[in-house]
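Have a look at the structure below, then the notes.
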Amino acid sequence: MKLRIIRYLKHIFITLITLLLIGIIIVVSLHGSMGYGTNELSTNLQNEGPYVFYQNDSIVNVNYIKGNKTDGFYLNKKEYKTDDDIKAVVFFH
């Protein structure tokens, strides 16, 4: 009974180590890294937005929340016509 349990655990550990080694080899061969890949610009809390709202059928409001806790916050609001091109940088988490 003990030999059967030891053999079972040995097979599990050998399988896990083999899969881990294969995973590391694949990551290294694809020039991957073990980091989370976070972009520092995406966590810039000084400039939050854009928040886009339709004011009516012909005007679009683009709002940015700027500032920080110590200096205070303010709303940077721009209005565009619906036919205009709006250039904005957006980061998705």
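For the sequence shown, the residue numbers in this note's numbering are 1 to 93.
Every residue gets a Cβ at the ideal spot worked out from N, C-alpha and C, and that includes glycine.
This structure is a prediction, so every number in the text was calculated from the model and none was measured.
- In terms of CA proximity to Val62, Lys77 leads the group Asn68, Lys77, Thr70 and Gln55.
- Distances from the CA of Gly72 to each of Gln46, Val90, Arg7 and Arg4 were compared; the closest alpha carbon is that of Gln46.
- Lys78 carries a strand assignment under DSSP once its states are collapsed to helix, strand and coil.
- The residues Asn63, in chain order, have a CB closer than 6 Å to that of Tyr51 in the same chain once the five nearest residues on each side in sequence are set aside.
- In the structure shown, Val89 adopts coil according to DSSP, grouped into three states.
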